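Participant:
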Amino acid sequence: AKPRLLDDEEGGVLFYSASPSSSSTYGFASLESQRHRLPVFKYRTQILYLVETHSTTIIVGETGSGKTTQIPQYLKEAGWADGGRIIACTQPRRLAVQSVAARVAEEMGVKLGEEVGYTIRFEDVTNSEFTRIKFLTDGVLLREMMDDPLLSKYSVIMVDEAHERSVSTDILLGLLKKIQRRRPELRLIIASATIEAKSMAEFFHNRKRRAQLEGEDNKLQIEPAILSVEGRGYNVEMFYVEEPVSDYLQATVSTVMSIHHKEPMGDILVFLTGQDDIDTAVQMITEEAQNNTKSSFGMIVLPLYSGLTRSDQDLIFSPSPRGKRKVVISTNIAETSLTLEGIVYVVDSGFSKQRFYNPITDIENLVVAPISKASARQRAGRAGRIRPGKCYRLYTEDYFINKMSSHGIPEMQRSNLVSSVIQLKALGIDNILGFDWPASPSPESMVRGLEVLYSLGVLDDDAKLTSPVGFQVAELPLDPMISKMIIESDKLGCSEEIITIAAVLSVQSIWISVKGQRELDEAKLRFAASEGDHVTFLNVYGGFLKSNKSSKWCHKNFINYHAMKKVMEVRQQLIRVSQRLGLAIKSCQNDIQVLRKAVTAGFFANACRLEPYSHNGTYKTLRGSQEVYIHPSSVLFRVNPKWVIYHSLVSTDRQYMRNVISIEPSCLREAAPHFYNQQPLNPTHQ
Ligand code: ADP
Ligand code: MG
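Residue numbers for the sequence shown follow our numbering, beginning at 2 and rising by one.
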């Protein structure tokens with residue numbers, strides 16, 4: 002069959018429908034959200050039987066079939082939460098934790114935070130006495146192991162979204178396998194949309210345990226059970242672009258507009274990569290829709306990414322108002338973690354933000370990178386939930402078939418391991434290389450991680466946690482580099498300020514993103530400190546306090562009020578943890594020199610020097626000689642001090658440093674003598 006061209010006069014994006022051989026049916030249940038009509042309901046008895054009789058049950062089921070919201074309830078109904086025990090369900094994403102917990106509480110008719118609760122970093126909505134079903138991130142469950150190594154309060158732990166293979170999920174799986182050996186009564190459920198169930202089953206199949214358990218409880222099967230939940234769904238018709246698109250944002254906007262003008266009612270789900278491009282697309286589409294009255298019905302455009310407030314989340318899940326089409330522009334959180342009803346059209350940019358780490362240069366950053374076929378299929382599947390749908394891929398069919406990789410690489414194999422190493426060490430796992438990883442990280446990354454931790458003073462010569470610094474760093478619920486900065490600030494007498502900075506760095510951007518970059522830049526100038534972003538944050542925080550935490554003040558200054566409220570909360574918690582660790586909360590009265598020293602003590606590994614004679618602000622990292630630039634969102638953009646330290650890198654056309662502070666090179670050697678002793682710190686261009 003000849004491909005059918007779909008003309009599209011306004012956007013210049015040409016689509017043709019896929020050749021029949023490559024379009025396939027995506028099977029999904031498309032039923033009302035009533036519990037008993039979800040696909041997993043048919044398997045209720047079977048699931049409960051398998052969990053009763055197997056230590057590990059692997060459940061594979063299409064997104065939206067009810068795994069996350071229903072299985073914990075079934076377990077509770079069957080008595081797994083009796084006698085004060087708790088059923089846990091982990092998610093890689095915080096927003097998913099909040100959203101499914103709220104949904105389950107609603108279905109059970111209970112108040113969130115009582116019988117059903119959730120915990121994410123810096124937010125604990127549980128009741129230690131009454132909570133029976135607890136949703137939490139896998140990272141939080143890992144932290145709980147520091148106080149309760151065998152996770153003894155849980156009867157069943159469901160590790161959800163296992164196909165995502167996040168770093169925390171993988172570490173958790175490795176540790177749970179160990180825990181099972183000591184706690185045979187603990188039940189594990191590994192749930193996912195597309196897992197390779199066989200390899201997961203092999204991972205959990207453990208001969209040693211079998212020998213040990215024989216005779217103890219011969220009703221309990223050691224071999225993992227695998228259950229596949231079938232869903233009935235609708236066909237999704239695929240469309241590809243004719244030619245590769247050069248600007249996926251522009252292509253997204255024109256594709257959404259042409260769907261809106263030509264296609265019957267039904268909501269649109271767009272997959273972009275992160276807050277920046279999502280906010281831009283929301284603005285562009287909203288403007289187009291206002292200028293363009295061709296369509297007989299209206300459109301509401303909503304962003305979906307982590308860090309949204311509760312009320313924004315509710316909008317996403319509430320049905321579209323009559324006569325309006327909902328357009329949700331999302332990160333890959335809507336790929337499998339959250340199911341939105343009412344989606345009929347999917348626009349897939351083909352990209353997502355992914356973490357990449359290079360052990361040679363010791364650089365980790367977030368990169369906008371092509372997704373895998375597995376992801377592309379999941380994305381398309383979102384369109385077939387309530388009736389036959391359509392998926393518009395902003396890449397060519399040839400690209401999909403011949404170039405796209407079939408599966409992603411586990412995050413463990415593309416991450417900096419500093420956090421993972423310290424977490425394992427804190428849990429008493431000394432032989433990290435010998436740890437039973439579901440996917441082993443490279444030895445180079447391991448060595449790099451150990452080296453950084455050694456330089457931070459967290460590990461000693463025997464690669465054991467140092468006392469007290471190592472234990473303190475492990476105890477703080479932050480990246481080790483931020484934790485080290487806080488601990489050092491105690492010695493330097495500036496913990497008050499540094500904790501504020503740490504809190505700001507832990508929330509999403511405190512600035513409101515606006516299209517007119519100029520207004521935002523002007524607003525920033527009001528707070529900008531010549532030393533850089535960290536000190537600027539202190540000015541913003543000070544202004545916010547002076548305004549009496551006014552939302553009006555925030556609005557006037559392009560500051561995100563919700564983010565500032567979050568900063569206050571996080572700050573309070575960090576102060577509490579710090580005090581528990583014996584740190585004193587002291588102010589240095591904004592002594593910048595001291596602040597710089599504290600930041601350097603944590604982030605010396607991220608030091609960069611401006612290239613001699615550079616006219617375009619090229620920096621090189623001291624460690625790996627990588628070219629980097631100051632991000633336009635930084636107050637130091639175009640200022641280009643000679644020596645800087647960055648907080649993180651993002652990569653688009655170039656590697657950009659986000660949140661930058663200027664430093665003195667002498668601080669570096671002072672902060673990390675072994676790290677920089679062979680480095681040419683003497684500037685050649687002063
Ligand atoms: P799975 O985990 O198998 O992907 P879920 O249990 O998340 O499936 O979803 C089951 C159903 O519950 C879906 O129809 C979904 O739309 C609905 N649902 C889940 N969370 C919410 C929510 N926060 N608000 C409204 N509906 C929800
Ligand atoms: Mg789910």
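Glycine residues also receive a C-beta, built at the ideal position from the N, C-alpha and C atoms.
Note that the structure is predicted; figures quoted are calculated from it, not measured.
Could you say if the segment 460-479 and the segment 413-431 meet the contact criterion of at least three C-beta pairs nearer than 8 angstroms?
Facilitator: The answer is yes - the segment 413-431 touches the segment 460-479, with three or more Cβ pairs under 8 angstroms.
Participant: Can we say the segment 285-294 touches the segment 335-347, given the rule of at least three CB pairs closer than 8 angstroms?
Facilitator: With the cut-off at 8 angstroms, the segment 285-294 and the segment 335-347 do not touch.
Participant: Alpha carbon to alpha carbon, how far is Tyr235 from Tyr119? Give it in angstroms, no decimals.
Facilitator: Start at 1 with the first residue of the sequence shown, and residue 119 comes out as number 118. Start at 1 with the first residue of the sequence shown, and residue 235 comes out as number 234. Their Cα atoms are separated by approximately 33 angstroms.
Participant: If I measure Cβ to Cβ from Val645 and keep anything under 6 angstroms in the same chain, skipping five residues before and after, which residues do I get?
Facilitator: For this step, residue 645 is matched to residue 644 along the sequence shown. Counting only Cβ-Cβ distances below 6 angstroms, and skipping sequence neighbours, we find Cys609, Val661, Ser663.
Participant: Alpha carbon to alpha carbon, how far is Thr685 from His648?
Facilitator: Position 684 of the sequence shown, counting from 1, holds the residue named residue 685. Position 647 of the sequence shown, counting from 1, holds the residue named residue 648. Residue confidence is low: Thr685 scores 43 on pLDDT, short of 50, so the model does not pin down where it sits. Its coordinate-derived value is still stated next. Thr685 and His648: Cα-Cα distance of roughly 25 angstroms.
Participant: Roughly how many angstroms separate the alpha carbons of Asp83 and Ile72, rounded to a whole number?
Facilitator: For this step, residue 83 is matched to residue 82 along the sequence shown. For this step, residue 72 is matched to residue 71 along the sequence shown. C-alpha separation (whole angstroms): 16 angstroms.
Participant: Which residues does DSSP pair with Trp644 in a beta bridge?
Facilitator: Taking the sequence shown and counting its residues from 1, the one referred to as residue 644 is at position 643. DSSP lists Arg610 as partners of Trp644.
Participant: May I have all residues whose beta carbon comes closer than 6 angstroms to any heavy atom of the ligand MG, sorted in chain order?
Facilitator: Here the residues come out as Lys68, Thr69, Asp161.
Participant: For Gly382, count neighbouring C-beta atoms within 10 Å of its own C-beta (all shown protein chains included) and say buried if the count is 16 or more, exposed if not.
Facilitator: For the purposes of this step, residue 382 is identified with residue 381 of the sequence shown, where counting begins at 1. Burial call: buried.
Participant: Name the DSSP beta bridge partners of Arg466, please?
Facilitator: Within the sequence shown, the letter at position 465 stands for residue 466. In the sequence as displayed, the identity of residue 466 is Leu instead of Arg. BP columns for Leu466 point to Leu460.
Participant: Ordered along the chain, which non-local residues of its own chain (more than five positions away) have a Cβ less than 8 angstroms from that of Arg326?
Facilitator: Reading the sequence shown from its first residue, position 325 is the one you call residue 326. His261, Met266, Gly267, Asp268, Ile269, Phe298, Gly299, Met300, Ile301, listed in sequence order.
Participant: According to DSSP, Phe272 sits in a beta bridge with which residue or residues?
Facilitator: Indexing the sequence shown from 1 puts residue 272 at position 271. Answer by DSSP bridge pairing, in chain order: Ser331, Asp349.
Participant: Mind reading off the beta-carbon distance from Glu570 to Leu539? Whole number of angstroms is fine, and I expect it under 8 angstroms.
Facilitator: Counting from 1 along the sequence shown, the entry for residue 570 is found at position 569. Counting from 1 along the sequence shown, the entry for residue 539 is found at position 538. Not confirmed; about 18 angstroms, so no contact.
Participant: If you measure from the CB of Gln92, is any heavy atom of the ligand ADP nearer than 7 angstroms?
Facilitator: Translated into the one-based positions of the sequence shown, residue 92 becomes position 91. Checking the Cβ of Gln92 against the ligand ADP gives no.
Participant: Count the C-beta pairs between the segment 545-561 and the segment 610-620 that are closer than 8 angstroms, then say yes if the count reaches three, no if not.
Facilitator: The segment 545-561 is not in contact with the segment 610-620.
Participant: Buried or exposed: Ile586, going by 16 or more other Cβ atoms within 10 Å of its Cβ?
Facilitator: For the purposes of this step, residue 586 is taken as residue 585 along the sequence shown, with counting starting at 1. That one is exposed.
Participant: Please determine if the segment 589-599 and the segment 487-496 are in contact, where contact requires at least 3 C-beta pairs separated by less than 8 angstroms.
Facilitator: Enough Cβ pairs lie closer than 8 angstroms, so yes.
Participant: Just to confirm, does Arg45 get its C-beta within under 7 angstroms of one of the non-hydrogen atoms of the ligand ADP?
Facilitator: Position 44 of the sequence shown, counting from 1, holds the residue named residue 45. Outside the cutoff, so no.
Participant: Rounded to whole angstroms, what is the Cα-Cα separation between Val453 and Val141?
Facilitator: As a working note, residue 453 is residue 452 in the sequence shown. As a working note, residue 141 is residue 140 in the sequence shown. Cα to Cα, Val453 sits roughly 24 angstroms from Val141.
Participant: Is Lys77 helix, strand or coil when you go by DSSP?
Facilitator: Here residue 77 refers to the residue found at position 76 of the sequence shown. Helix.
Participant: Specify the secondary structure class of Asn591 as computed by DSSP and reduced to three states.
Facilitator: If you number the sequence shown from 1, residue 591 lands on position 590. DSSP places Asn591 in coil when its eight states are reduced to three.
Participant: Are Ile593 and Val536 close, meaning C-beta to C-beta below 8 angstroms?
Facilitator: Position 592 of the sequence shown holds residue 593. Position 535 of the sequence shown holds residue 536. It is a contact, given that the beta carbons lie within the stated cut-off.
Participant: Between which residues of its own chain and Asp491 is the CB-CB distance below 7 angstroms, once the five residues before and five after are set aside?
Facilitator: Within the sequence shown, residue 491 is the residue found at index 490, counting from 1. Here the set comprises Leu584, Ala585.
Participant: Shorter than 7 angstroms, the distance from the beta carbon of Ser100 to the closest heavy atom of the ligand ADP, or not?
Facilitator: Mapped onto the sequence shown, residue 100 falls at position 99. Yes, the Cβ of Ser100 comes within 7 angstroms of a heavy atom of the ligand ADP.
Participant: Hey, how far is the Cα of Pro666 from the Cα of Arg188?
Facilitator: Within the sequence shown, numbered from 1, the residue matching residue 666 stands at position 665. Within the sequence shown, numbered from 1, the residue matching residue 188 stands at position 187. Rounded to the nearest angstrom, the two C-alpha atoms are 53 angstroms apart.
Participant: Is it buried or exposed for Gly385, if we count other Cβ within 10 angstroms and need 16 for buried?
Facilitator: Stepping through the sequence shown from its first residue, residue 385 is reached at position 384. Buried: at least 16 other Cβ atoms inside 10 Å.
Participant: Going along the chain, which residues of its own chain have a beta-carbon closer than 8 angstroms to the beta-carbon of Phe401, five neighbours each way excluded?
Facilitator: In the sequence shown, residue 401 corresponds to position 400, counting from 1. So the list reads Ser23, Tyr241, Lys374, Ala377, Arg394, once near-sequence residues are dropped.
Participant: Which ranges would you report for the alpha helix (DSSP H) in the segment 479-557 if only whole runs of at least 4 residues count?
Facilitator: Segments of the alpha helix (DSSP H) lying fully in the segment 479-557: 481-493, 496-507, 518-526, 534-547, 552-557.
Participant: Let me check understanding here. Comparing Cα to Cα, which of Tyr396, Met159, Arg184, Glu445 lies closest to Glu244?
Facilitator: Start at 1 with the first residue of the sequence shown, and residue 244 comes out as number 243. Checking every option, the nearest Cα to that of Glu244 belongs to Tyr396.
Participant: Which of helix, strand or coil does DSSP assign to Thr337?
Facilitator: Taking the first residue of the sequence shown as 1, we reach residue 337 at position 336. Helix, per DSSP.
Participant: For Arg356, which beta-bridge partners are listed by DSSP?
Facilitator: Locating residue 356 in the sequence shown gives position 355, where the first residue counts as 1. According to DSSP, Arg356 bridges with Leu367.
Participant: From the DSSP output, in three-state form, read off Tyr393 for me.
Facilitator: Against the sequence shown, residue 393 aligns to sequence position 392. Three-state DSSP puts Tyr393 in a strand.
Participant: Report all residues from its chain with a CB closer than 8 angstroms to the CB of Met147; omit the five preceding and five following residues, and keep chain order.
Facilitator: If you number the sequence shown from 1, residue 147 lands on position 146. So the qualifying residues of the chain are Ala427, Leu428, Ala475, Glu476.
Participant: Within a Cβ cutoff of 7 angstroms, which residues of the same chain sit near His408, ignoring the five residues on either side of it in sequence?
Facilitator: Your numbering for residue 408 matches position 407 in the sequence shown. Here the set comprises Ser373, Ala375.
Participant: Under three-state DSSP, which class holds Gly62?
Facilitator: For this step, residue 62 is matched to residue 61 along the sequence shown. Residue state, collapsed to three classes: strand.
Participant: Out of Ala370, Glu398, Ser338, Ser259, state which residue places its alpha-carbon closest to the alpha-carbon of Pro653.
Facilitator: Start at 1 with the first residue of the sequence shown, and residue 653 comes out as number 652. With the sequence shown as reference, residue 653 is identified as Thr, and Pro is not the correct amino acid for it. Ranking Ala370, Glu398, Ser338, Ser259 by Cα distance to Thr653 puts Ala370 first.
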